[in-house]
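Structure, as structure tokens:
Chains as they are written, first to last, in the working numbering: chain A, 381 to 643; chain B, 6 to 204.
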């Protein structure tokens, strides 16, 4: 049982930053892309709820950027908008637009939200109390998200022939990139050993699979995953697709024109 | 709005869009604290109870923390209820929740529960036993079984500050920014001229 930490040791800061950026970047991108659905979701109330969930994602990103900014003596805005593409730590699943395909949008949120619950659960046990407290608050809200998305998965999976087929297609299309959420990065082991991010990636993957499977079964759908090669570098180690650069350019457009702008 | 979204060519005219069937209408009551009664919060329209509760949480629950949300299908409100029980010897009573709107324009508050065999009987019972019911501007007696409710231990609140969603202090903040780079009299004069030009 590692002792609790009141401050983060300097030698652990780079690894912790990578972890926090991974979570916050995922959320910033997902919230940004899902905001595009405002006005286009299938029913009015769902439009409002989905937009609210997107705002929640950005709020979570902000909370985590602020924590990281304090640790690194910078600002949340500088972290969110001021880095070069290769400095972002988001996974490939949030790097492309869903082309306004509702099934794709839902499946992506489904995979990401369940993963985020598990990340927060681990952080909630962190040896650094402020970090653990932050994770506990965000975890409660994250569970509301997964409840919402699970309902839609089951509803559409069990719905009509068309809704079932479209959901199945989305699962088949997106499953190959989903496992990149679990890509390891340098320093992960030190975070686990120090108790800052306790737990194991293997059991997290198993737990994720179980959560996904249980909903998929209820929905009458199928999905299968393959773990990628650990030596191939992806988003967690700064390797991103061209789509990402395009989205980032748009997301950071105003900040790049005038970094000190305030609203 | 992303550039992709701005350039999105939407479907053909409204006339060609298939009409989505209307969902069910519900009245939403929220209970802010354990010691406060359920209070009318608004309406929600949803395909069914499960989504109705989810949307009600989102709309009415999370902006104001609360401990309980009740959804009442609007079909159970208004007019005299029709009892299909021809057999009037059945004296089985069931619980009815009573909501009273004290004055026109006020909000319905949950005032208590009565046991009755029908909604009509419940209303009569409420008039006799529940404070304010006989003098109330509007009284609803709703069969407890038809109310869709959140779990008792399910607290509804937001965990992360939602201040960024609010457009607060705009005129004050903008004025402060101007005054930092211009003299107060100049800003006054600018504002006055600005209004003259516009109007």
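Note that beta-carbon positions come from the ideal geometry of N, C-alpha and C, so glycine has one too.
Query raised in the report: Hey, would you say residue 2/B sits closer than 8 Å to residue 135/B, going by beta carbons?
Result: A query on residue 2/B cannot be resolved here, the shown segment of chain B reaching from 6 to 204 and no further.
Requested in this report: Could you tell me whether the Cβ atoms of residue 392/A and residue 571/A are closer together than 8 Å?
Outcome: yes
Query raised in the report: Do residue 507/A and residue 385/A come within 8 Å of each other at the CB atom, strictly closer than that value?
Result: yes
Query raised in the report: What does residue 50/B touch in chain A if you count any residue whose Cβ is under 9 Å from its own?
Result: 423, 424 and 425
Report task. Please state if the CB of residue 105/B and the CB of residue 127/B are separated by a distance shorter than 8 Å. Result -> no
Query - Residues bridged to residue 78/B [DSSP beta-bridge criterion] - result: 31/B
Requested in this report: Classify residue 35/B as buried or exposed, calling it buried when 16 or more other Cβ atoms lie within 10 Å of its own Cβ.
Outcome: buried
Query raised in the report: Alpha carbon to alpha carbon, how far is residue 418/A from residue 193/B?
Result: 39 Å
Query raised in the report: Just curious, the alpha helix (DSSP H) that residue 339/A is in, first and last residue?
Result: In this structure chain A extends from 381 to 643, so residue 339/A is not present and cannot be described.
Query raised in the report: For the stretch 94 to 139 of chain B, which segments carrying the beta strand (DSSP E) assignment without a break, of at least 3 residues, lie completely within its bounds, in sequence order?
Result: 99 to 106 and 114 to 121
Query raised in the report: Checking contacts by CB at 8 Å: is residue 3/B closer than that to chain A?
Result: No statement about residue 3/B is possible, as the shown extent of chain B runs from 6 to 204 and does not include it.
Query raised in the report: Between residue 109/B and the rest of its own chain, which residues show a CB-CB distance below 7 Å, the 5 nearest in sequence each way excluded?
Result: 142
Query raised in the report: Which residues in the same chain as residue 86/B place their Cβ atom closer than 7 Å to its Cβ, once the five residues preceding and following it in sequence are excluded?
Result: Summary for residue 86/B: the model assigns pLDDT 48, below 50, so the residue's position carries little reliability; its value from the coordinates is reported in the next sentence. 123, 124 and 125.
Query raised in the report: If you drop the 5 nearest sequence neighbours on each side, which residues of the same chain put their C-beta closer than 7 Å to that of residue 93/B?
Result: Low local confidence applies: a pLDDT of 49 at residue 93/B is under 50, so the model's placement there is unreliable, with the coordinate-based value given in what follows. Contacts found: none.
Query raised in the report: Where do the ends of the beta strand (DSSP E) carrying residue 49/B lie?
Result: 44 to 51
**Report entry** Nearest-angstrom beta carbon gap, residue 436/A and residue 521/A [assumed within contact, 8 Å]
**Finding:** 6 Å
Requested in this report: Indicate whether at least one CB of chain A lies closer than 8 Å to the CB of residue 46/B.
Outcome: no
Query - Contact set between residue 416/A and chain B, taken where Cβ atoms lie within less than 8 Å - result: 6, 7, 9 and 10
Query raised in the report: Relative to the C-alpha of residue 44/B, which residue among 83/B, 121/B and 72/B is closest?
Result: 72/B
Query raised in the report: Does the Cβ of residue 582/A have 16 or more other Cβ atoms within 10 Å, making it buried, or fewer, making it exposed?
Result: exposed
Report task. Would you be able to state if there are at least three C-beta pairs under 8 Å between the stretch 594 to 608 of chain A and the stretch 547 to 555 of chain A? Result -> yes
Requested in this report: In the DSSP assignment, find the unbroken alpha helix (DSSP H) run with residue 497/A in it and report its ends.
Outcome: 482 to 503
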